[in-house]
Every structure is written in C-alpha cells, then in structure tokens.
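The structure appears right after this line, and notes come after that.
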Amino acid sequence: MQGTVDGFSYGIVTPVAAFLMACLGGALGLRCTTRSLRHQDSFKAGWLALGSTSIGTGIWTMHFIAMMGFSVRQAPIDYDRPITFASLGVAVVMVGVGIFIVGYRGATALTLVTGGTITGLGVATMHYLGMAGMRLPGRIEYDTLTVALSVVIAVVAATTALWAAVSVHGFLASLGASLVMGVAVSGMHYTAMAAVSVHLHAAPAAAAGASAGSLLLPMLIGPAVFLILAAVVVMFDPLLVMGDPDWQRAPARSPYRPGVPAPRHVPSYGEPANWTARPAGRGSRRSAPRGGHRSQDW
Numbered sequence: 275m276q277g278t279v280d281g282f283s284y285g286i287v288t289p290v291a292a293f294l295m296a297c298l299g300g301a302l303g304l305r306c307t308t309r310s311l312r313h314q315d316s317f318k319a320g321w322l323a324l325g326s327t328s329i330g331t332g333i334w335t336m337h338f339i340a341m342m343g344f345s346v347r348q349a350p351i352d353y354d355r356p357i358t359f360a361s362l363g364v365a366v367v368m369v370g371v372g373i374f375i376v377g378y379r380g381a382t383a384l385t386l387v388t389g390g391t392i393t394g395l396g397v398a399t400m401h402y403l404g405m406a407g408m409r410l411p412g413r414i415e416y417d418t419l420t421v422a423l424s425v426v427i428a429v430v431a432a433t434t435a436l437w438a439a440v441s442v443h444g445f446l447a448s449l450g451a452s453l454v455m456g457v458a459v460s461g462m463h464y465t466a467m468a469a470v471s472v473h474l475h476a477a478p479a480a481a482a483g484a485s486a487g488s489l490l491l492p493m494l495i496g497p498a499v500f501l502i503l504a505a506v507v508v509m510f511d512p513l514l515v516m517g518d519p520d521w522q523r524a525p526a527r528s529p530y531r532p533g534v535p536a537p538r539h540v541p542s543y544g545e546p547a548n549w550t551a552r553p554a555g556r557g558s559r560r561s562a563p564r565g566g567h568r569s570q571d572w
C-alpha cells in the first residue's frame, strides 16, 4: 500500500526553524575556521575542531527539525536512537576531515575540491543514515536521480562553504555566506526528501502514539545547547565576530622618522660609490666615501 507522505505537517514553522539552525551552525563554523586560518598563533586545531563540530551539529539539527514536520498519514513513525546519534557523529567527523584538510593544506583548488567532496558526502551520508533510523510498518524507497541530485547539491554547498571560510572576511560577509550555506543545506534536505516514497506492508489503522515532534525534541536539546555555547565563545572573541578589518591592522612602520635625516649608505666592496664634490676652490679635493677608499685626481 502506498503511504501518503507529508513533509510539512507544521506548515512553514519547521522549514524556517531548520533553515535558521543551518545558518547558525554555518556562521559559527565559518568564523571559527577563518579564525584558525588568519590567526595561527594559538589553538589552531581547537578552532578547526570547534568549527567542524558547529557545522556538523547545525546540519544535523536542521535535518531533524525538518523531520519533525515529516509524517505518513496511515502509519506512526519512530526513530532508532543509536542510528540517529550515529548520523550526528558521521556529520561531525566527515565535516571535520574536510575542514582540517583546508586548514592545514591551504586553500588551493585541489584541497578545496577534496575537502568539499568529503564534507558534502558526509552531509549526504548523515541525511540518509538519519533516514535509515526511521521505524514504520513499511519500507522507504528513493528515486535514484533525485538522490544523486541531492548529493551533488551537498558537495557543491560544502565546497562553497569551505571557499567562503578561507576567502570571506568580516562579519557582514560571513553572515551573507552563512545565509547562502543555510539555503544550500536546506535545499539539499528537501531535494532528498522529494525522492522519498513509502510503501506500507498493510493497511493499518489511523496513526496513533507519540508525534514526531515529541520523539525528536528531546534528542535535539543537547546539540542545540552546544550551538548556543559555541555562539557564546564566538561572542567573547572579537577576532571571530569582527574579523581583522583593515583599519585595525597596525600600519607599516617607516624606517625613517620625520625630522631625522636618513642614514648615509655605506657602499660595500666593489659597489660604485656616490662621490660628493666640495665647492671648488684653492686646495679643494673630492671627499672620499666612507669605507676608507681615498679619492683619485683625474
């Protein structure tokens, strides 16, 4: 029996909330990655780890907030807790691999493509592993072409995010990049959900039991608290919030001070000297350059 799938049981509430969580995780991750790349004097690995955990947690939280609005009208839905949290671990680890590649290998085209591919595949793996944790009296099938499109979107979005982390500086620019990342990640999620069809084993009675929101909400508390704490860390580090604008950079120091004559150049051996002629007069002679070489009369 074909199940009736509804991905927007709560209307626009879950898509908007999911988008905001994706933007929050992306903004924190981008700022932390930028901090580690532009100020490598302290805790580089720590900032990269915080950035990858923020992005992975934000994407995972976005996915399951959106899944709170997913329902099959003829059947109840439950979630396997170990598989659900395993999808969180996969997201954090694979996003971390991509970010550490860029953080330690530099922002070359090869590293961006490699890191973006690994990160994008991690995002897609998180999504479909999370879907594998769903429990209902039936089976979930996917349209192959739509699944492939969702994976491509994930890889492109991840590569763009890594490029933004190493190329975009300043608070407003990073905010814009995080909004674009939120749109891309949400687009990947709903593209993947468009590939879903549910075939029920039988014709059960009306769905009963706990709702998807009551099942998923307790699992979302921990990751949401982590994102809030990460945001607090960002707020207390001005380099993460405001970046390193030009007007804050120390101006290049001139080797000379105003009002002080520049030091005379001492020619090295074999270097032509700048001869300084004294006023012509009786008994005048050309002054010899510093270094002990006497002038010659021509």
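Read the sequence shown against the working numbering and you will find it ends at 572, with the numbers running on by one and no gaps. Note that the Cβ used here is the ideal one computed from N, Cα and C, for glycine as well. The structure presented is a predicted model; accordingly, all values stated were derived computationally and were not measured.
In the structure shown, the three-state DSSP call for Ile351 is coil.
The way I'd put it, the region 496–513 doesn't touch the region 453–468; fewer than three beta-carbon pairs between them come closer than 8 Å. C-alpha of Ala360 to C-alpha of Met275: approximately 30 Å in a straight line. Per DSSP, Val470 is one residue of the beta strand (DSSP E) stretching across Val470 to Leu474. Rounded to whole angstroms, the gap between the alpha carbons of Gln348 and Arg355 is 23 Å. By alpha-carbon distance to Met336, the top candidate from Gly394, Val426 and Ala291 is Ala291. Leu311 is the residue among Met400, Leu311 and Ala398 whose C-alpha sits nearest the C-alpha of Phe374.
Rounded to whole angstroms, the separation of the alpha carbons of Phe282 and Ile351 is 15 Å. With a threshold of 16 other beta carbon atoms within 10 Å, Thr278 falls short and is exposed. By a beta-carbon distance limit of 8 Å, Ala431 does not contact Gly370. Their separation comes to about 17 Å. Listed in chain order, the non-local C-beta contacts of Met405 below 7 Å within the same chain comprise Ile414, local neighbours out to five positions each way being set aside.
Under DSSP, Asp280 forms a beta bridge with Ser345.
Under DSSP, Gly412 forms a beta bridge with Leu474. Classified as buried, Thr331 has 16 or more neighbouring CB atoms from the shown chains inside 10 Å of its CB. A direct Cα-to-Cα measurement between Ala468 and Leu503 gives close to 34 Å. In terms of Cβ geometry, Val397 and Thr385 do not form a close pair [threshold 8 Å].
Where Met400 is concerned, the enclosing alpha helix (DSSP H) starts and stops at Ala383 to Ala406. For Val430, the uninterrupted alpha helix (DSSP H) run begins and ends at Thr418 to Ser441, by DSSP.
Listed in chain order, the non-local C-beta contacts of Tyr416 below 7 Å within the same chain comprise Ala469 and Val470, local neighbours out to five positions each way being set aside. In the structure shown, Phe374 falls within a helical segment according to DSSP collapsed to helix, strand and coil. Residues of the same chain with a CB within less than 6 Å of the CB of Ser424, apart from the 5 flanking positions on each side, are Met462, Thr465 and Ala466 in chain order. With fewer than 16 other Cβ atoms inside 10 Å of its own Cβ, Gly496 counts as exposed.
Relative to the Cα of Val364, the nearest Cα in the group Tyr353, Leu294 and Trp334 belongs to Trp334.
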